[in-house]
Amino acid sequence: MSDPVLEVVIKLAESSPEIDIPVTLTVGGLLISGRVISRENYMQENWLTASIEEGIKQALEQIGEDPKPADGHRHYIHLRDVRYFSPGQSPTPSVGTVTCRIALAHVSAFHFGFLSLAEG
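Take the sequence shown: its position 90, counted from the start at 1, is 106 in the working numbering, and no numbers get skipped.
This is how it looks when you write it as C-alpha cells:
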C-alpha cells in the first residue's frame, strides 16, 4: 500500500513539471535521494523508455483508449538526479545523473530533502 502524501506529491509533479521536489526514500534497506518527476518526463529521459512510451501510446489510441492515466492511485514514483546510499559505501553514482522508477509499495519511509555526505 502506498502513502497518500507521496501520491499527492506525484500528482503535483505530473500537473506542474516545473516544480522541483527533493525526496529521500527508504527502499529495501537503501536510501535513495532524488527529485520527483512526472512519469512522462521519466519516460522521455532515455531513448528506450521514450520508444516504449510511444508504442504504448499508439497501441492505446488504436483501440480507443485514452493514453493519459486516470486520476486514480499511483503505483510508482519517478526520480531524476538519483543517488543511492548504502551503509559503509560511497553514494552511487559518484559522477553523472540517473533516473529511476520505484514501486510505491516498496517504499518503507521517506523525507523531503536530499541526503548528502557530511563534510570532514
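Ideal Cβ positions, reconstructed from N, Cα and C, are used throughout, including at glycine.
What span of residues does the beta strand (DSSP E) with Pro20 cover, start to end?
-> DSSP places Pro20 outside any beta strand (DSSP E); the residue lies instead in the alpha helix (DSSP H), whose first and last residues are Pro20 to Ser31.
Which of helix, strand or coil does DSSP assign to Arg90?
-> Here Arg90 sits in coil by DSSP.
Simplified DSSP assignment, three categories, for Gly50 | In this structure, Gly50 counts as strand in the three-state DSSP scheme.
Where DSSP assigns a beta bridge to His127, which residues make up the other side?
-> Thr40
C-beta atoms of Leu95 and Val39 nearer than 9 Å = yes
Evaluate Ile48 with the Cβ neighbour count: other Cβ atoms within 10 Å of its Cβ, from every protein chain shown; 16 or more gives buried, anything less gives exposed.
-> buried
Quick one: what does DSSP say Thr113 is sitting in, helix, strand or coil?
-> coil
To which residues of the same chain is Arg117 closer than 7 Å at the C-beta, ignoring the five residues directly before and after it?
-> Tyr58, Tyr92 and His94
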